[in-house]
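Its first residue numbered 739, the sequence shown is counted upward by one per residue in our numbering.
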Amino acid sequence: NMLETSTGLSAALEFVMPSPITNLQWIDFSFNHIVSVEPELLRFLNLKALYLHGNCIKSLASVDKLKKLPKLLSLTLNGNPIESTRIYRMYVIG
């Protein structure tokens with residue numbers, strides 16, 4: 739895939755599932771060209787798994803936004819430029 743944004747995701751999902759904002763529990767955006775966590779993703783409050791490995795995320799501040807997802811249990815970020823940040827692992831786990 740070559741996705742660069744999650745903008746419009748909820749509207750697109752309306753065509754294939756009922757109430758995606760409340761029913762969607764996992765998203766696999768791995769191996770795309772996503773550079774940041776956008777507000778669109780934060781609308782999915784029942785999200786339990788988010789796979790973002792193999793993208794272009796560089797900012798810890800962007801990842802910090804994921805704290806707003808209260809049910810998130812599984813997150814992958816390996817293979818992103820953020821991984822080379824010295825405190826990346828402790829920051830994400832902590």
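Virtual Cβ for every residue (Gly too), placed ideally from N, Cα, C.
Report buried or exposed for residue 795, applying the criterion of at least 16 other Cβ atoms within 10 angstroms of its Cβ. Label assigned to residue 795: buried.
| said: Suppose the cutoff is 8 Å on Cβ atoms and the five residues either side in sequence are ignored; what does the same chain contact list for residue 772 look like? | reply: Excluding five sequence positions before and after residue 772, the CB atoms of its chain that fall closer than 8 Å to its own CB belong to 741, 742, 743, 744, 790, 793, 794, 795, given in chain order.
Problem set entry | Alpha-carbon to alpha-carbon, residue 747 and residue 754 | 11 Å
| message | Taking the beta carbon of residue 820 as the centre, do at least 16 other beta carbons fall within 10 Å, making it buried, or is it exposed? | response | buried
Roughly how many angstroms separate the alpha carbons of residue 831 and residue 749, rounded to a whole number? 31 Å
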